[in-house]
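Basically the working numbering = 1-based index in the sequence shown + 5.
Using N, Cα and C, we set each Cβ at its ideal position, and we do this for glycine too.
Fair warning: this is a prediction, and the values are worked out from it, not measured in the lab.
One structure is given below, encoded as structure tokens.
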Amino acid sequence: MMLIKLGRSPDEVITVSPADDARILRRIDLALLPLMLSVYFLQALDKATLSYASIFGLIDDTDLVGDEFSWLGSIVYLAQLLMQLPLAWALVKLPIGKFTSAMVFAWGVTLACMTWAHNFGQLMAARFFLGAFEACVGPAFVAITQMWWRRRHILGILTSSVSDREQTLRIGSWYCMNGLTWVFGSLITYGLASIDSHLKPYQIIFLFFGVVTVVVSGAMFFWMPDSPTEAKFLSDEDKILAIERLRNNQMGVMSREWRYAHFFEALRDLKTWLWVIMIFCISVPSNGISTFGPLIIKSFVTDPYRTILFNVPVGLSHVLAVSLSAYASMKWKVKGPIIALLCIPPIIGFSILLHFPHDVEHRAILLAGYFCLSTFTGITPLIYSWSAQNTAGDTKRKCTSAMVFIGSSAGNIFGPLLFTPDEAPSYSRGLRANIAFFAFVLLLVGITSLYLKYLNSDHAKRRVALGKSAVILDMSLETAEEEDGVQPDDVKGRKAFADITDLENEDFVFVF
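Here is the structure:
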């Protein structure tokens, strides 16, 4: 379409030089990443306001009893679960930038309205709509990442160990915002709670972050393009190059066409279900600790303001875990083993929290155990990246993302229910369950890696049967002269922009 618009042949061979590739990547990063990081930071922060509010009297002021506070943590993810399949359709059919910004605006308004929620019913209603509107951010950002960035960066022979630097790094960067939420959110909350006002501290927190979210949604509406062909920060020539540099992804860009065959293939695909179960098992402890973590700290750090400040080093450890896991994934060119390694410290941490009494006397060892939990934050973005980079076909990509986020939402619903205020301060049931979930993830990682190896072997056999080479050469960034020395059947990318799935495309190579 862009070639025709510029009066050029649609059959023209486009070559992207390394210099152009680096230049366009910088422009994409500068234009899109600040928006994505800001929105994801606010999403994590807006959900975390509940745990901050619990420290400043929300539970007592709204007369919450039994597991009602647990349900306030879970209802957000129940709403997100219900929204995933409609969102999968919407992200295929609607302009992704405009749609996402509208949802950001709606959740900002909802959070601000929570200022005047005074009982369990009102809080539940507000939290439900907060979750419904926030539900689009994760799937939309995965789709945007697939639309703009490569899943691989290093040239050469394309094997299962090829680097997947661009997408992994970008997904890891916006997921790092969860950790920065604990850092800056805690500091901002500390300041807001110190304001002398007729409003309660938690009401000020809800109102402030709600208004900030509304402002950011306006910036996103005007600056986030719906596709590379609609990017105002790229010239027409650069738009062509931005699309061409994605050829190696073998995923296309977008089609705005809903394909039921892709939908049903996503439902039948074993690897999709392995990632759904994996993300469920990680999300159970993730939201349980996110919701009840400050209360666990409060059991041996009695001052609410000190409890808030203790979240700062916890947040820094989250950022460190996500950053180091993303770097390790790029360095060693694998994801499964990294996920397995990240499961070990939380198992140790939960065991410490389970074994020692939650009192001031054991504060040091309990804090050490609590910090061990931080590595779990590096697992979730690796699962998102792992699933996204191994799925092709526009409708299938959106459906797979929806299924993975349904698994995440289901785990986040279940997680806080394992912890109830009645079990304070030990929360032994939740801690035992979380140990079991992390152990199960170790098993799932092994099964998934073996299955991906089998799929690569099967695709190699299919290529041979079609008269192609079993090994594919990635030549998309080479010069025309260098491409002349390669047999046409050895050149990868002929089906790169066809809207076909990873299982249909024998040239697709799965990454571990």
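Practice problem: Can you tell me the Cβ-Cβ gap for D507 and T396, rounded? I've got them flagged as a contact below 8 angstroms. | Solution: On the sequence shown, position 502 is the one that residue 507 refers to. On the sequence shown, position 391 is the one that residue 396 refers to. Correct: roughly 6 angstroms between the Cβ atoms.
Quiz item: What are the uninterrupted segments assigned as beta strand (DSSP E) that are 3 or more residues long and contained completely in the segment 271-326, given in chain order?
Solution: none
Self-check item: Sequence-distant residues of the same chain with beta carbon closer than 8 angstroms to F524, five excluded per side
Solution: Residue coverage of the chain in this structure runs from 6 to 517, which leaves residue 524 outside it and unanswerable.
Exercise. Find out if the Cβ-Cβ distance for the pair L457, F515 is shorter than 9 angstroms.
Key: Counted from its first residue, the sequence shown places residue 457 at position 452. Counted from its first residue, the sequence shown places residue 515 at position 510. Contact: yes.
Practice problem: Taking 9 angstroms as the cut-off, decide whether the C-beta atoms of A93 and P144 are in contact. | Solution: Taking the first residue of the sequence shown as position 1, residue 93 is located at position 88. Taking the first residue of the sequence shown as position 1, residue 144 is located at position 139. The answer is yes: Cβ separation under 9 angstroms.
Quiz item: Excluding the five sequence neighbours on either side, which residues of its own chain have a C-beta within less than 7 angstroms of the C-beta of K401, listed in chain order?
Solution: Numbered from its first residue, the sequence shown carries residue 401 at position 396. Result list for K401: H267, E270, A271, T506, in chain order.
Exercise. Report back the beta-carbon spacing between K98 and W263 to the nearest angstrom; my notes put them in contact at under 8 angstroms.
Key: Counting from one through the sequence shown, the residue named residue 98 turns up at place 93. Counting from one through the sequence shown, the residue named residue 263 turns up at place 258. About 6 angstroms separates the two Cβ atoms, so the contact holds.
Practice problem: With a threshold of 16 other CB atoms inside 10 Å of the CB of R132, please say whether the residue is buried or exposed. | Solution: On the sequence shown, position 127 is the one that residue 132 refers to. Label assigned to R132: buried.
Quiz item: Do you know how far the Cα of L197 is from the Cα of K589?
Solution: What is shown of the chain runs 6 to 517, which leaves residue 589 out entirely.
Exercise. To the nearest angstrom, report how far apart L251 and A236 are at their CA atoms.
Key: One-based indexing of the sequence shown puts residue 251 at position 246. One-based indexing of the sequence shown puts residue 236 at position 231. In a straight line, the C-alpha of L251 is about 16 angstroms away from that of A236.
Quiz item: Can you name the start and end residues of the alpha helix (DSSP H) that N183 belongs to?
Solution: Sequence index remark: in the sequence shown, residue 183 carries index 178 (1-based). First-last of the alpha helix (DSSP H) with N183: 182-185.
Quiz item: Among L47, F227, F146, G177, which has the Cα closest to the Cα of V216?
Solution: Translated into positions along the sequence shown, residue 216 becomes position 211. Checking every option, the nearest Cα to that of V216 belongs to L47.
Quiz item: Are K103 and F238 close, meaning C-beta to C-beta below 9 angstroms?
Solution: Taking the sequence shown and counting its residues from 1, one reaches residue 103 at position 98. Taking the sequence shown and counting its residues from 1, one reaches residue 238 at position 233. Taking 9 angstroms as the Cβ cut-off, K103 and F238 do not qualify as a contacting pair.
Quiz item: What span of residues does the alpha helix (DSSP H) with Y432 cover, start to end?
Solution: Along the sequence shown, one-based indexing puts residue 432 at 427. Y432 -> no alpha helix (DSSP H), and no H or E assigned at all.
Exercise. Under 6 angstroms Cβ to Cβ from A333, same chain only, skipping five residues before and after it: list those, please.
Key: Looking up residue 333 in the sequence shown gives position 328. The beta carbon of A333 sits closer than 6 angstroms to the beta carbons of I343 from its chain, once the five residues preceding and following it are set aside; these are given in chain order.
Exercise. Scan the segment 327-394 and note each continuous alpha helix (DSSP H) run of 4 residues or more that stays entirely inside, going in chain order.
Key: 341-360, 368-377, 384-393
Exercise. With DSSP as the reference, label L457 as helix, strand or coil.
Key: Residue 457 sits at position 452 when you count from the first residue of the sequence shown. Note: L457 maps to helix in three-state DSSP.
Self-check item: Distance between beta carbons of I193 and M129, contact taken as under 8 angstroms
Solution: Numbered from its first residue, the sequence shown carries residue 129 at position 124. Numbered from its first residue, the sequence shown carries residue 193 at position 188. No, M129 and I193 are not in contact; Cβ-Cβ is about 26 angstroms, not under 8 angstroms.
Self-check item: Identity of the residue in T20, I29, L449 nearest E171 by Cα
Solution: As a working mapping, residue 171 is identified with position 166 in the sequence shown. Comparing Cα-Cα distances from E171 to each of T20, I29, L449, the minimum goes to I29.
Quiz item: Does the Cβ-Cβ distance between P421 and W76 come in under 9 angstroms?
Solution: On the sequence shown, position 416 is the one that residue 421 refers to. On the sequence shown, position 71 is the one that residue 76 refers to. The answer is yes: Cβ separation under 9 angstroms.
Self-check item: Residues near S288 by beta carbon distance below 6 angstroms, same chain, minus five either side
Solution: The residue given as residue 288 occupies position 283 in the sequence shown. Answer for S288: S413, G416, N417, listed in chain order.
Quiz item: alpha helix (DSSP H) containing E242: first to last residue?
Solution: As a working note, residue 242 is residue 237 in the sequence shown. E242 -> alpha helix (DSSP H) spans 241-249.
Exercise. Please confirm whether T105 and V142 have their CB atoms less than 9 angstroms apart.
Key: The residue labelled residue 105 in the question sits at position 100 within the sequence shown. The residue labelled residue 142 in the question sits at position 137 within the sequence shown. With contacts defined by Cβ atoms closer than 9 angstroms, T105 and V142 form a contacting pair.
Quiz prompt | Rounded separation between L90 and G320 - CA only | solution = Indexing the sequence shown from 1 puts residue 90 at position 85. Indexing the sequence shown from 1 puts residue 320 at position 315. L90 and G320: Cα-Cα distance of roughly 32 angstroms.
Quiz item: Applying the criterion that 16 or more other CB atoms from any shown protein chain within 10 Å of the CB defines a buried residue, is R175 buried or exposed?
Solution: Residue numbering aside, residue 175 sits at position 170 when the sequence shown is read from its first letter. Flag for R175 reads buried.
Self-check item: R28 - containing alpha helix (DSSP H), residue span
Solution: The sequence position of residue 28 within the sequence shown is 23, counting from 1. 23-60 is the span of the alpha helix (DSSP H), which, as asked, contains R28.
Practice problem: Check whether the segment 441-453 touches the segment 112-129, taking contact to mean three or more Cβ pairs, one atom from each stretch, closer than 8 angstroms. | Solution: no
Practice problem: Ignore the nearest five residues each way along the sequence and tell me which others in F74's own chain have a CB closer than 7 angstroms to its CB. | Solution: Counting from 1 along the sequence shown, the entry for residue 74 is found at position 69. For F74, where only same-chain residues beyond five positions count, the Cβ hits under 7 angstroms are S59, I64, P426.
Practice problem: Drop a sphere of 10 angstroms on the beta-carbon of L358, count the other beta-carbons inside from all chains shown, and report buried for 16 or more, exposed for fewer. | Solution: Taking the first residue of the sequence shown as 1, we reach residue 358 at position 353. L358 should be labelled buried.
Quiz item: Cβ atoms of D66 and F125: under 9 angstroms apart, would you say?
Solution: Position 120 of the sequence shown, counted from the start, is the residue given in the question as residue 125. Position 61 of the sequence shown, counted from the start, is the residue given in the question as residue 66. No, the pair does not count as a contact, with Cβ atoms beyond the cut-off.
Quiz item: Is the Cβ-Cβ distance between P386 and V324 less than 9 angstroms?
Solution: Residue numbering aside, residue 386 sits at position 381 when the sequence shown is read from its first letter. Residue numbering aside, residue 324 sits at position 319 when the sequence shown is read from its first letter. No, they are not a contact pair.
Practice problem: Ignore the nearest five residues each way along the sequence and tell me which others in F134's own chain have a CB closer than 6 angstroms to its CB. | Solution: Counted from its first residue, the sequence shown places residue 134 at position 129. Closer than 6 angstroms at Cβ, skipping near neighbours: T115.
Practice problem: Taking 9 angstroms as the cut-off, decide whether the C-beta atoms of A24 and W228 are in contact. | Solution: Against the sequence shown, residue 24 aligns to sequence position 19. Against the sequence shown, residue 228 aligns to sequence position 223. For A24 and W228, no; Cβs fall outside 9 angstroms.
Self-check item: Inter-residue spacing [alpha-carbon to alpha-carbon] between I411 and L87
Solution: Stepping through the sequence shown from its first residue, residue 411 is reached at position 406. Stepping through the sequence shown from its first residue, residue 87 is reached at position 82. Going from the Cα of I411 to the Cα of L87 covers about 8 angstroms.
Exercise. Please name the residue, chosen from V219, L185, T277, L329, that lies closest to N316 on a Cα-to-Cα basis.
Key: Taking the first residue of the sequence shown as position 1, residue 316 is located at position 311. When only C-alpha atoms are compared, the closest one is L185.
Quiz item: Nearest-angstrom Cα distance between W112 and S222?
Solution: On the sequence shown, residue 112 is found 107 positions in, with the first residue counted as 1. On the sequence shown, residue 222 is found 217 positions in, with the first residue counted as 1. So the alpha carbons of these two residues sit roughly 10 angstroms apart.
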